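> One structure, pasted below without further comment.
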Amino acid sequence: MAVPRAVVKTGDLLTVTILSPLVTPMLPNPIPLTGSGTVKIMGMPICLQLDYASGIPVDFQGNTIFDYMSPPFTTPGQGMLFLTLLPVNLTTRMVNNGSPVMTSGSLIKLNFSVVVPAIQITPAGVTVNDPMVRKEGMGRITPVPPTKVFSS
360 MAVPRAVVKT GDLLTVTILS PLVTPMLPNP IPLTGSGTVK IMGMPICLQL DYASGIPVDF
420 QGNTIFDYMS PPFTTPGQGM LFLTLLPVNL TTRMVNNGSP VMTSGSLIKL NFSVVVPAIQ
480 ITPAGVTVND PMVRKEGMGR ITPVPPTKVF SS
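Counting in my numbering, the sequence shown runs from 360 upward without gaps.
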């Protein structure tokens with residue numbers, strides 16, 4: 360039996376959980392999503408796969424680069440947040456602008472890609488960069504009323 364899911368629209372909220380020990384104090388949580396669909400729900404464009412396709416970072420108020428901390432590194436680094444949309448995060452029957460429509464109800468895979476690594480200065484004065492250039496996480500979309508629910 361099909362599981363009802365809500366179409367994701369501009370203004371719906373993405374709650375981000377990055378796996379420890381990463382801390383992203385400058386990353387707002389939750390993040391309101393922005394869609395480019397021509398179909399609208401109560402005047403808000405729906406979100407499409409192409410809005411957050413591979414290589415397109417999450418944007419919050421014009422910012423796509425966010426500071427992060429990761430122990431034991433004491434100087435913050437910077438990175439960008441990307442969604443990995445799986446088939447369960449998309450409609451199978453509804454397409455807009457040639458792109459599948461995003462749906463809520465299932466976890467979304469996230470990755471935080473380091474642009475500038477966090478650093479630590481050792482007692483000997485040696486600079487050590489954070490070697491992890493990609494940090495994994497999960498996200499959940501919370502629809503903000505009103506919503507349009509359908510079965511996939």
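C-beta: ideal position from N, C-alpha, C; glycine also.
Keep in mind it's a predicted model, so treat the numbers as computed, not measured.
What separation, rounded to the nearest whole angstrom, lies between the Cα atoms of SER511 and ASP426?
Because SER511 carries a pLDDT of 48, less than 50, the predicted location of this residue cannot be relied on, and no value is offered for it.
> Run the CB neighbour count on GLY457, radius 10 Å, all protein chains shown included, and call it buried at 16 or more, exposed below.
Exposed is the call here.
> Starting from ILE400, follow its DSSP beta bridges and name the residues at the other end.
For ILE400, which the question treats as bridged, DSSP gives the partners MET403.
> Count the other CB atoms within 10 Å of the CB of LEU407; is the residue buried (16 or more) or exposed (fewer)?
Buried, by the Cβ-count rule.
> To the nearest angstrom, how far is the alpha carbon of VAL447 from that of ASN470?
C-alpha separation (whole angstroms): 18 Å.
> If you measure between the beta carbons of MET439 and SER395, is that distance less than 8 Å?
No, Cβ-Cβ distance for MET439 and SER395 is not below 8 Å.
> Could you say which of LEU386, ASN455, MET453, PRO404 lies nearest to ILE424 if we only look at CA atoms?
Cα-wise, what sits closest to ILE424 is LEU386.
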